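For reference, the structure is listed below as structure tokens.
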Amino acid sequence: MLNSIKGTQLIILSVLLGIAPPLLACPDMQGSYGTENGGIHFYLQTNRIKEFKAVIDIADYPLTIRSAVFVSEEDRHAQPYQPLPDCTLSIDGFGYLLPHNKGQILRLHFDSQDFEKIFNTSYILKLSDAPSENLGVNKTSLIIPVKILTTLNNH
Numbered sequence: 088m089l090n091s092i093k094g095t096q097l098i099i100l101s102v103l104l105g106i107a108p109p110l111l112a113c114p115d116m117q118g119s120y121g122t123e124n125g126g127i128h129f130y131l132q133t134n135r136i137k138e139f140k141a142v143i144d145i146a147d148y149p150l151t152i153r154s155a156v157f158v159s160e161e162d163r164h165a166q167p168y169q170p171l172p173d174c175t176l177s178i179d180g181f182g183y184l185l186p187h188n189k190g191q192i193l194r195l196h197f198d199s200q201d202f203e204k205i206f207n208t209s210y211i212l213k214l215s216d217a218p219s220e221n222l223g224v225n226k227t228s229l230i231i232p233v234k235i236l237t238t239l240n241n242h
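First residue of the sequence shown? That's 88 in the numbering used here, and the numbers climb one at a time after it.
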């Protein structure tokens, strides 16, 4: 009985907030991130319940600000090669940030070939469907640097 009450409360809460139930289980995405090779740093700031601002910091390029949202279930399953996992963020004009279990194999299908790669990171940045454009990413901090917050406030 208690479990059904909790489940009902979760459904009511999700309807009121406009969030699909799986998104309620997503980790807090706000914070600082970096790729394994250190070439790309990016920062996510929660804009509203389901929306983010992403600041992309690539050496020798100006800071870029993009919108980011969780990918809907329908869009996750509409991918050409394989569905995207729950809690995937779409960063407008940049790529997807996929949650990943460290040390597990990521299977990719591209150009009629299958590829496997082990990522020892908590996330994967998918810039395109090409295997070389899937980068391991870790959340480096819950805190967003002042320089980035200033950029967001001035935008």
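Glycine residues also receive a C-beta, built at the ideal position from the N, C-alpha and C atoms. As the structure is a prediction and not an experimental result, all values here were calculated from the model.
- Per DSSP, reduced to three states, the secondary structure at histidine 196 is strand.
- Proximity of the region 171-178 to the region 188-198 falls short of the contact definition, fewer than three beta-carbon pairs being nearer than 8 Å.
- By the C-beta density criterion, glycine 182 is buried, having at least 16 other C-beta atoms within 10 angstroms.
- DSSP lists Gly121 as the bridge partner or partners of asparagine 225.
- The DSSP assignment places complete beta strand (DSSP E) segments of no fewer than 3 residues inside the region 137-169 at 138-145, 151-157, in order along the chain.
- Taking the Cβ atoms as the reference, leucine 131 lies roughly 6 Å from alanine 141, within the contact range of under 8 Å.
- Rounded to the nearest angstrom, the Cβ distance from proline 186 to proline 170 is 13 Å, too far for a contact under 8 Å.
- Judged by DSSP secondary structure, threonine 175 falls outside any alpha helix (DSSP H); it is assigned neither H nor E.
- Nearest C-alpha to isoleucine 152 among Ser209, Ile205, Asn134: Asn134.
- Secondary structure note for threonine 238: its alpha helix (DSSP H) is the uninterrupted segment 233-241.
- An exposed status is given to serine 159, since fewer than 16 other beta-carbon atoms sit within 10 Å of its beta-carbon.
- One Cα belongs to proline 232, the other to lysine 226, and the distance between them is close to 13 Å.
- One thing to note: phenylalanine 197 has its Cβ within 9 Å of the Cβ of tyrosine 168.
- Across the structure, alanine 112 and isoleucine 205 are spaced so that their CA atoms are roughly 25 Å apart.
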